[in-house]
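The structure appears below as C-alpha cells.
In our numbering, the protein residues as written are 19 to 687.
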C-alpha cells in the first residue's frame, strides 16, 4: 500500500525507483527486487495487466507512473476535537482506497470467472487453532467420526515409505493403529453409523478402495484395482460410496459409485477426455447434493455441485479459477463448503457458499493448509503441512554426498535449469512471496530475480539457445500460456493467444521459434510461434505433446492416447522408441538426447537417474540420487553435471479449529 500511496501522491508523473525505495523503505537496506515484487502485488490486487497497463505503468530504466485518476475525498465535517495533523497522508491513502474500490467495482461481478476475486475474510479473533498431533513424520487426510469422538487419519513415521491408518481419541489424544500391511493406506472416510472406515490401499497391482471395521478386523476390497484414486465419500444412508478413479495414466479422473453390499460400480461423471477430471467427491449432509472439484486441461480447478442421484451432467459451478486443490468438505449446515486451494500464491482455506455469494478466506496459519474435514458440531480439522524444496548440483561421477546447494533459501526452489554456457542456473522460487524466475551466477554466487510475471504458476522454464531469453509456462486467467522473458532486462512477452491452453515444448535450434501443444477439441495439437508472437501455425501431429524437433524435421513426442515416446521422421514414418510407463519416465521427468532419453525413476526405494538408448531393450541406471530427490532434474550441456530438486524440509501435523461456519464476516481490507 505504501508504494501505491507514493504513486498516488504524484499521479501522472514518473516516480523513479530510487525515490520509491527511499520513500517506502527509508534507511532499511533492501534490493530493488523488493520494489519490483511490491508493484507486482499491486497489479495483482488491482487486476492490472503489465503488458497493457491501465493503472500502473512501468517506465523502462526509470520507474513507475500511476495512470489511474485520483479523486480525493472532501474534508470531514468540523468536530469539537482537532483532527490529527497527518492530513496529507490520510487524504492520499483515502484516494488510494477509492482507486482500489473503483477498480474492483469495474468488473462484471463474475469474480470467479476472472482473475480478480473479491475476498471476504473471517476475523482472526473468531479463529482459534489447536494442534492435534506434533509427532515427527507426516499426518494427513483427517476424518472425524460421526459423533466427533474419534479422528481417523493416515500417518507416516520418519524413515518409512508408507502411510498407515491411525485413530486418535479426541478427548485424550491417544493414537491407535487401525490397518497394517504393505503399501500406502490413506484417505480414511467414516460410514454414517461410525462402524466402518473406507480407505484407499496401494499394492503392486495399483490402488483399490477398501472397507474395514473401525476398531480393526479383516479388510474387504470394493470394486476393481485402479491406476489412481482421488478421494471418496459415503452416502448418508451408507449404501453407496462415491469415489474418484482412473484406470490408465492418460485418462481423466472420473467419479464412480460402488454399492457397498455387492461391489457393483457405475460411472457418476464424465469430464472432458483431455482434462485432469473430477476429484474430492463429498455428499451434502442431507444426501441430496454431491460436491466435487473439476480440473480442466490446464491448471484451473472449479468447485461443482450436482444432484447426488443424477448422472453428473447437470452440474452447477459454485467457485472456480483456482490453480491447485488440497481438499473439500461440507460445513455441517449444508450451506457452504470448506475448500483448500491455491489462487495466485500458497495454499489457503476458503469457505464457499453453495447458494451464491463471495467465498470467505479463512485465517489459517501455516504454509500449506490442506485436507479439511468438518464435524457435526462445527469443529474443523485440517493438515498443516510444510514443504521446502532446494536445488543441488553434482557431477555425475561423484557420490550424492558431494552435491552442492544452489542458492539455498527457506522457501520452495525448483525447476532448475543450466544456462547454455553453464555459467548460470535459472530456477523458479517462492522466496519473493510468489513464484518467479531467479538467476544464480555460479562464479560469484549472486542471485537476482529475473521476472515479475505474477502468474498463478510458473512451470518448465526453457533457455533459448543463445542464453539471452527464457520461455516459461504460465497460468493467466486460468489458461496455460507461454511467456518469453529477457534475462537481462526482465521484459516479458506472452507469445500465445489468450483464448486457449498452450503447453510449452521447446525452442527451435535457431532460437526464432517456440514449439507448444495447444488444445484442439478433444485432443492436443503441436504448433509453433515466433518469439515475437507472430506466425503461429500447426505442425502435423494430431494428439501429440512435443518434446523436441530436430533441424531435419524429425519429431520426438508423447501422445495423449498411447503410452510411449515416439519419433517421426520427415517423411511421416512413426517409430515407438520406448515405453515410459514401463521405465517410469513421463513428460515431466524426461530429457531427450540424440541417442536416447534420460529420466528419473524409483528403484528398490531409491531415486535414480537412468538412461535408455533408442536401440536398447532396457534402461540402465547411471547415478543414485540423494534421499528426498523429487525426480525433477536437468543436465548440463556437456552431460557431466546434474541439477536436481530435493526436499529439504517437510512435515505435516493435524490441526483443530473451534469455529462456526456462520461466523461474522468483514469486507476486504
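Yeah, the Cβ is synthetic: ideal placement off N, Cα and C, and Gly gets one too. It should be emphasised that the depicted structure is a prediction, and the values quoted were computed from it without experimental measurement.
In the DSSP assignment, what residue or residues form a beta bridge with residue 279?
Bridge partners of residue 279: none, in fact.
With which residues is residue 632 paired in a DSSP beta bridge?
Partner(s): none; residue 632 has no beta bridge.
Within the region 279-323, note down every full beta strand (DSSP E) run reaching 3 residues or more, in order along the chain.
Counting only unbroken stretches of 3 or more residues, the beta strand (DSSP E) elements lying wholly within the region 279-323 are 283-285, 295-301 and 307-313, in sequence order.
When you compare only the Cα positions, how much space is there between residue 173 and residue 187?
Distance from the CA atom of residue 173 to the CA atom of residue 187, rounded to whole angstroms, is 15 angstroms.
C-beta atoms of residue 388 and residue 344 nearer than 8 angstroms
Their beta carbons are under 8 angstroms apart, which means residue 388 touches residue 344 by this criterion.
Collapsed DSSP secondary structure at residue 35 in the structure displayed
For residue 35, the secondary structure class from DSSP, reduced to helix, strand or coil, is helix.
Alpha carbon to alpha carbon, how far is residue 586 from residue 285?
When the Cα atoms are used, residue 586 and residue 285 turn out to be separated by approximately 37 angstroms.
Using only CA atoms, which one of 611, 426 and 500 lies nearest to residue 664?
For the set 611, 426 and 500, the Cα lying nearest the Cα of residue 664 is the one of 426.
Whose C-beta lies closer than 8 angstroms to the C-beta of residue 661 among residues of the same chain, with five residues either side of it excluded?
Contacts found: 409, 410, 411, 424, 434, 435, 436, 443, 651, 652, 653 and 654.
Taking the C-alpha atoms as reference points, what is the distance between residue 26 and residue 83?
The straight-line gap separating the alpha-carbon atoms of residue 26 and residue 83 is approximately 9 angstroms.
Between 392, 623, 626 and 575, which has its C-alpha nearest residue 611's C-alpha?
Of the listed residues, the one whose Cα sits closest to residue 611 is 575.
Should residue 475 be labelled buried (16 or more other beta-carbon atoms within 10 Å of its own) or exposed?
With 16 or more other Cβ atoms from the protein chains shown falling within 10 Å of its own Cβ, residue 475 counts as buried.
Within 10 angstroms of the Cβ of residue 311, are there 16 or more other Cβ atoms? Answer buried if so, exposed if not.
That one is buried.
Residue nearest to residue 393 in terms of C-alpha spacing, selected from 358, 303, 452 and 318
Closest option to residue 393, Cα to Cα, is 303.
Are the CB atoms of residue 459 and residue 445 nearer to each other than 8 angstroms?
Contact flag unset, no.
Assuming contact is defined by CB atoms lying nearer than 8 angstroms, are residue 167 and residue 189 in contact in what I supplied?
Contact check for residue 167 against residue 189 passes: the beta carbons are separated by less than 8 angstroms.
If residue 281 sits next to residue 240, beta carbons under 8 angstroms apart, how far is it from one beta carbon to the other, in whole angstroms?
Between residue 240 and residue 281 the Cβ distance is about 5 angstroms, and since that is below 8 angstroms, they are a contact.
Start and end of the beta strand (DSSP E) containing residue 530?
Careful: residue 530 lies outside any beta strand (DSSP E) and carries neither H nor E.
So what does residue 504 bridge to, in DSSP terms?
DSSP, once it has assigned bridges, lists 487 as partnering residue 504.
With H, G and I counted as helix, E and B as strand and the rest as coil, what does DSSP make of residue 251?
Residue state, collapsed to three classes: strand.
From the DSSP secondary-structure annotation, give me the bridge partner or partners of residue 442.
The partner list for residue 442 (beta bridge, DSSP) reads 459.
Using CA atoms only, rank isn't needed, just tell me which of 381, 325, 300 and 364 is closest to residue 447.
Comparing alpha carbon positions, the residue from 381, 325, 300 and 364 closest to residue 447 is 364.
Cβ of residue 216 within 8 angstroms of Cβ of residue 252?
Cβ distance < 8 angstroms, so residue 216 and residue 252 count as in contact.
Excluding the five sequence neighbours on either side, which residues of its own chain have a C-beta within less than 7 angstroms of the C-beta of residue 614, listed in chain order?
Here the set comprises 629, 630, 631 and 632.
Would you give the residue range spanned by the beta strand (DSSP E) that residue 673 belongs to?
Following the DSSP letters along the chain, one finds residue 673 inside the beta strand (DSSP E) bounded by residues 659-676.
Determine, using beta carbons only, whether residue 522 and residue 491 come nearer to each other than 8 angstroms.
Taking the C-beta atoms as reference points, residue 491 is found nearer than 8 angstroms to residue 522.
Counted within 10 angstroms of its Cβ, other Cβ atoms place residue 463 as buried (16 or more) or exposed:
Looking at its Cβ environment, which holds fewer than 16 other Cβ atoms inside 10 Å, residue 463 is exposed.
Among 553, 179, 60 and 73, which residue has its Cα nearest to the Cα of residue 623?
For the options 553, 179, 60 and 73, the alpha carbon positioned closest to that of residue 623 is the one of 179.
Under the three-state DSSP convention, the category residue 20 falls into
Helix at residue 20.
Check for me: the beta strand (DSSP E) holding residue 3 runs from which residue to which?
This structure does not reach residue 3, given that the chain is present from 19 up to 687, and the question cannot be answered.
Residue 242 by DSSP, collapsed to three states: which one?
Taken through DSSP and simplified to helix, strand or coil, residue 242 comes out as strand.
Count the other C-beta atoms from every protein chain shown that fall within 10 angstroms of the C-beta of residue 354, then say buried if there are 16 or more, exposed otherwise.
Burial call: buried.
Under the three-state DSSP convention, the category residue 25 falls into:
Secondary structure of residue 25 (DSSP, three-state): helix.
Out of curiosity, what's the CA-to-CA distance linking residue 488 and residue 566?
The straight-line gap from Cα to Cα measures roughly 16 angstroms.
Considering only their Cβ atoms, is the gap separating residue 399 from residue 195 smaller than 8 angstroms?
No, they are not a contact pair.
Taking the C-alpha atoms as reference points, what is the distance between residue 366 and residue 406?
So the alpha carbons of these two residues sit roughly 17 angstroms apart.
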